[in-house]
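**Student:** First the structure, then my questions, so here it is.
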Amino acid sequence: MAWIPYPTLLRTPDLPPTVHPGIMATWPAANHLPLEPHAYEIVLTGRACTVREKASGDIVYRGAGPVELLECPVPF
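Each residue of the sequence shown is one higher than the one before, counting from -2 in my numbering.
If you want it as structure tokens, here you go:
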């Protein structure tokens, strides 16, 4: 049987209550990433957060923190 990697669930914080309700949020609270959690790194700078893929250096998220990287229990 072939090995199937379990992707990562990136959980981001909810929008703060001070955000005007007419502004549409473009980033959902949970996002699926294709690699396992250890393939990403989280960098916190104050309240800002950056998540990047370690191997390529590509940024997959930049925004409010904190965030969580969770291993999904099933492959997609």
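By construction, the Cβ of each residue, glycine as well, lies at the ideal position given by its N, Cα and C atoms.
It should be emphasised that the depicted structure is a prediction, and the values quoted were computed from it without experimental measurement.
1. Which residues does DSSP list as the beta-bridge partners of residue 48?
2. Hey, would you say residue 58 sits closer than 9 Å to residue 5, going by beta carbons?
3. Under a Cβ-count criterion, where at least 16 other Cβ atoms within 10 Å of its own Cβ denotes burial, should residue 40 be classed as buried or exposed?
4. Got a sec, what are the start and stop residues for the beta strand (DSSP E) residue 33 sits in?
5. Should residue 54 go down as buried or exposed, given a rule of 16 or more other Cβ atoms within 10 Å for buried?
6. Alpha carbon to alpha carbon, how far is residue 49 from residue 38? Give it in angstroms, no decimals.
**Tutor:** This is what the structure holds:
1. Reading the sequence shown from its first residue, position 51 is the one you call residue 48. The partner list for residue 48 (beta bridge, DSSP) reads 39, 58.
2. Taking the sequence shown and counting its residues from 1, one reaches residue 58 at position 61. Taking the sequence shown and counting its residues from 1, one reaches residue 5 at position 8. No, Cβ-Cβ distance for residue 58 and residue 5 is not below 9 Å.
3. The residue labelled residue 40 in the question sits at position 43 within the sequence shown. Exposed, because fewer than 16 other Cβ atoms sit within 10 Å of the Cβ of residue 40.
4. Position 36 of the sequence shown, counted from the first residue, corresponds to residue 33. Where residue 33 is concerned, there is no enclosing beta strand (DSSP E), given that its DSSP letter is neither H nor E.
5. Here residue 54 is taken as the residue at index 57 of the sequence shown, counted from 1. Classification of residue 54: exposed, given that the 10 Å Cβ count is below 16.
6. In the sequence shown, counting from the first residue as 1, residue 38 sits at position 41. In the sequence shown, counting from the first residue as 1, residue 49 sits at position 52. Each residue's Cα considered, the two are about 6 Å apart.
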